Amino acid sequence: MASEGTSGLAKSAAEKLSEMGERTKQLGTAMQDPQRQRRLILFIVCIALLLDNMLYMVIVPIIPDYLAYLEGDTTPDQAPAGINSSFFPNRTNHAKTTTENLDLQIGVLFASKAILQLLVNPLSGTFIDRVGYDIPLFIGLIIIFFSTCIFAFAENYATLFVARSLQGLGSAFADTAGIAMIADTYTEESERSKALGIALAFISFGSLVAPPFGGILYEFVGKRVPFLVLAFIALIDGILLLVFIKPFANRTRENMPVGTPIYKLMIDPYIAVVAGALTVCNIPLAFLEPTIANWMETTMGATKWEMGLTWLPAFFPHVLGVYITVKLAAEYPNYQWFYGAVGMVIIGASSCTVPACRNFGELIAPLCGICFGIALVDTALLPTLAFLVDVRHVSVYGSVYAIADISYCVAYALGPIVAGQIVHTHGFVQLNLGMGLVNVLYAPALLFLRNVCQMKPSHSERNVLLEEGHTGLYDAIKMEERNAKKRGFASSAGNTMSGGQNEMGIFKGQSISEEELSGAEYS
Numbered sequence: 002m003a004s005e006g007t008s009g010l011a012k013s014a015a016e017k018l019s020e021m022g023e024r025t026k027q028l029g030t031a032m033q034d035p036q037r038q039r040r041l042i043l044f045i046v047c048i049a050l051l052l053d054n055m056l057y058m059v060i061v062p063i064i065p066d067y068l069a070y071l072e073g074d075t076t077p078d079q080a081p082a083g084i085n086s087s088f089f090p091n092r093t094n095h096a097k098t099t100t101e102n103l104d105l106q107i108g109v110l111f112a113s114k115a116i117l118q119l120l121v122n123p124l125s126g127t128f129i130d131r132v133g134y135d136i137p138l139f140i141g142l143i144i145i146f147f148s149t150c151i152f153a154f155a156e157n158y159a160t161l162f163v164a165r166s167l168q169g170l171g172s173a174f175a176d177t178a179g180i181a182m183i184a185d186t187y188t189e190e191s192e193r194s195k196a197l198g199i200a201l202a203f204i205s206f207g208s209l210v211a212p213p214f215g216g217i218l219y220e221f222v223g224k225r226v227p228f229l230v231l232a233f234i235a236l237i238d239g240i241l242l243l244v245f246i247k248p249f250a251n252r253t254r255e256n257m258p259v260g261t262p263i264y265k266l267m268i269d270p271y272i273a274v275v276a277g278a279l280t281v282c283n284i285p286l287a288f289l290e291p292t293i294a295n296w297m298e299t300t301m302g303a304t305k306w307e308m309g310l311t312w313l314p315a316f317f318p319h320v321l322g323v324y325i326t327v328k329l330a331a332e333y334p335n336y337q338w339f340y341g342a343v344g345m346v347i348i349g350a351s352s353c354t355v356p357a358c359r360n361f362g363e364l365i366a367p368l369c370g371i372c373f374g375i376a377l378v379d380t381a382l383l384p385t386l387a388f389l390v391d392v393r394h395v396s397v398y399g400s401v402y403a404i405a406d407i408s409y410c411v412a413y414a415l416g417p418i419v420a421g422q423i424v425h426t427h428g429f430v431q432l433n434l435g436m437g438l439v440n441v442l443y444a445p446a447l448l449f450l451r452n453v454c455q456m457k458p459s460h461s462e463r464n465v466l467l468e469e470g471h472t473g474l475y476d477a478i479k480m481e482e483r484n485a486k487k488r489g490f491a492s493s494a495g496n497t498m499s500g501g502q503n504e505m506g507i508f509k510g511q512s513i514s515e516e517e518l519s520g521a522e523y524s
């Protein structure tokens with residue numbers, strides 16, 4: 002009886018293992034489906050972008066209070082939850098840091114991520130063009146994971162500064178590679194606009210939900226928990242990328258097309274106009290974030306919860322702006338420049354009305370207008386960058402989206418440092434009027450893009466060369482692998498080729514030239 006029971010258990014275990022193996026095999030087969038893989042790539046990239054923007058904004062309610070404690074402006078019994086008060090020395094003999102010095106430290110810490118990201122982006126863009134999108138995305142997630150863990154356990158300003166800067170290093174790889182991967186995965190203009198719109202919605206959600214997320218966790222469980230949660234998200238996203246996308250799989254990377262150098266893209270007048278618009282439209286958001294809380298407290302006597310929730314209502318008009326722009330772009334793709342120009346006018350008008358608000362309810366409307374306008378500009382112009390690369394350069398997107406990331410970083414690097422000085426010197430009203438005027442004056446510059454956006458590729462050469470849908474990898478790798486097979490077949494068959502099979506014009510021994518991969522023809 003015992004032997005029969007043991008035999009039955011072994012048989013049952015073998016059947017379950019067989020079922021698990023079959024399910025795993027089915028899952029692996031399903032993940033090879035091009036449509037499923039595209040969606041998985043979009044999901045992984047969106048989580049990375051959500052994470053990065055949460056990291057940027059989560060310190061807003063935490064760092065001012067925490068640095069004040071480190072500098073001795075609070076006593077150990079008032080230390081925030083989760084902080085080891087015995088670590089800090091007796092502060093009775095230490096003079097308190099002046100408010101101006103503390104504000105400078107806060108501003109530098111806020112800006113350090115964007116500054117290092119700004120400096121690294123030209124290098125990361127070139128690196129992405131050379132090795133592909135998945136490996137840099139994985140590298141960025143790993144750097145973000147370790148730097149966020151360091152930030153969570155840091156108990157002095159120098160360590161906080163180093164960890165925050167390393168977050169910028171990780172973001173320079175993860176952000177640029179992620180958005181470039183979306184542009185490469187979704188090759189049709191309508192699908193690309195929709196996919197980038199979804200990514201922008203995640204960016205917006207991360208930026209706007211991070212302050213209340215960080216403030217609530219900091220209040221009740223301490224400084225470490227918000228950052229450990231974000232580090233865990235980075236780890237999970239990296240594991241998903243490693244398991245399903247397999248960034249280190251053996252591929253013919255030496256046969257990938259060589260992208261246009263980033264300095265050439267920077268001097269392209271059309272790309273320069275788009276980059277300028279991305280910087281200018283984000284200046285109001287970047288400059289208001291570090292200054293509006295103090296203005297609300299002194300002008301309207303805003304409570305802590307009102308200051309913490311200032312930007313949260315703006316998430317909904319931002320998503321609405323993304324949705325409207327995607328729909329309009331699908332119906333009227335020639336007017337992307339116009340949607341961006343309208344967005345900049347809305348941003349300018351909303352920015353000018355902020356100082357006129359006298360209570361929290363009134364303030365919501367212009368802030369929603371600013372975020373709605375930013376959604377119009379970003380959703381219209383980010384796909385335009387990929388289109389410009391397709392029709393004017395080589396269809397490799399790392400460097401062009403590094404330029405886009407540089408544009409954002411310029412605004413967010415200057416904001417925490419410059420905005421406070423402008424308010425102190427000229428006033429909050431003048432700051433907002435200046436930002437609004439710059440946006441309105443820049444809007445007509447987008448007319449320069451009118452003719453470019455009206456150009457239509459006569460046929461997508463990428464789709465001609467590929468016999469099946471895009472799988473999220475470099476098309477050129479796929480083409481080169483197929484060409485190698487065809488060359489081998491041609492050799493064995495006496496190099497006889499039918500016209501129908503070779504209408505692409507790729508013959509034995511012929512390499513893929515830059516001109517063949519540089520995009521589409523003009524109509």
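When you read off a place in the sequence shown, starting at 1, and then add 1, the result is the number in this note's numbering.
From the three backbone atoms N, C-alpha and C, an ideal C-beta is built for every residue, glycine too.
Fair warning: this is a prediction, and the values are worked out from it, not measured in the lab.
- DSSP places Trp312 in the coil class of the three-state scheme, outside both helix and strand.
- Annotated as proximal: Ile418 and Gly108, with beta-carbon spacing under 7 Å.
- Contact annotation, Leu377 with Gly341: C-beta distance approximately 7 Å; criterion of less than 8 Å satisfied.
- When the Cα atoms are used, Leu229 and Phe147 turn out to be separated by approximately 10 Å.
- Contact check for Ala178 against Pro137 passes: the beta carbons are separated by less than 7 Å.
- DSSP places Lys224 outside both helix and strand once states are collapsed to three, so it counts as coil.
- Contact annotation: Asn433 and Val281 have beta-carbon atoms that are not nearer than 7 Å.
- Three or more Cβ pairs closer than 8 Å define a contact, and the segment 323–336 meets that threshold against the segment 191–207.
- Comparing alpha carbon positions, the residue from Ile234, Phe449 and Val226 closest to Ala155 is Val226.
- The straight-line gap separating the alpha-carbon atoms of Ser351 and Gly435 is approximately 12 Å.
- Ala381 is the residue among Phe233, Ala381 and Arg40 whose C-alpha sits nearest the C-alpha of Leu447.
- Within the same chain, Ala414 come within 6 Å of Ile116 by CB-CB distance, once the 5 residues on both sides are set aside.
- Listed in chain order, the non-local C-beta contacts of Pro356 below 7 Å within the same chain comprise Phe429, Val430 and Asn433, local neighbours out to five positions each way being set aside.
- Within the segment 301–349, the alpha helix (DSSP H) runs of at least 4 residues that lie entirely inside it are, in chain order, 305–309 and 316–332.
- Short of 8 Å from the beta carbon of Leu242, and not among the five residues preceding or following it, lie these beta carbons of its own chain, in chain order: Ile45, Asp135, Leu138, Phe139, Leu142 and Pro248.
- For His425, the enclosing alpha helix (DSSP H) stretches over residues Gly399 to Thr426.
- Cβ atoms of Leu103 and Ala69 come within 8 Å of each other, at about 7 Å.
- For Thr149, the enclosing alpha helix (DSSP H) starts and ends at Asp135 to Phe154.
- Within the same chain, Cβ atoms closer than 6 Å to the Cβ of Cys150 are found at Ala232, the five residues on either side in sequence being excluded.
- Taking a C-beta distance under 7 Å as the contact criterion, Asp238 and Asp53 do not qualify as a contact pair.
- Contact check for Gln168 against Leu50 fails: the beta carbons are separated by 7 Å or more.
- The residue from Ala278, Ile217 and Ser194 with its alpha-carbon nearest to that of Ile60 is Ile217.
- Around the C-beta of Tyr219, 16 or more other C-beta atoms lie within 10 Å, and the residue is accordingly described as buried.
- Take the alpha-carbon of Thr304 and the one of Ile63: they are about 16 Å apart.
- Counting along the chain, Tyr264 sits inside the alpha helix (DSSP H) bounded by residues Ile263 to Met267.
- Following the DSSP letters along the chain, one finds Cys47 inside the alpha helix (DSSP H) bounded by residues Pro35 to Met58.
- Separation of the CB atoms of Phe162 and Ser113 is rounded to 6 Å, and the pair is thereby assigned contact status at 8 Å.
- Val392 is positioned such that its CB atom lies no closer than 7 Å to that of Pro258.
- Nearest Cα to Ala278 within the set Ile129, Ile42 and Val411: Val411.
- With distances taken between CA atoms, Asp130 lies nearest to Val390 out of Val390, Gly437 and Val453.
- Per DSSP, reduced to three states, the secondary structure at Ala250 is coil, with no helix or strand assignment.
- DSSP, reduced to helix, strand and coil, places Val395 outside both helices and strands of the structure shown, so it counts as coil.
- Cβ neighbours of Tyr409 within its own chain (closer than 7 Å, five residues either side excluded): Leu279 and Asn283.
- Residue state for Cys358 is assigned as coil, using DSSP reduced to three classes.
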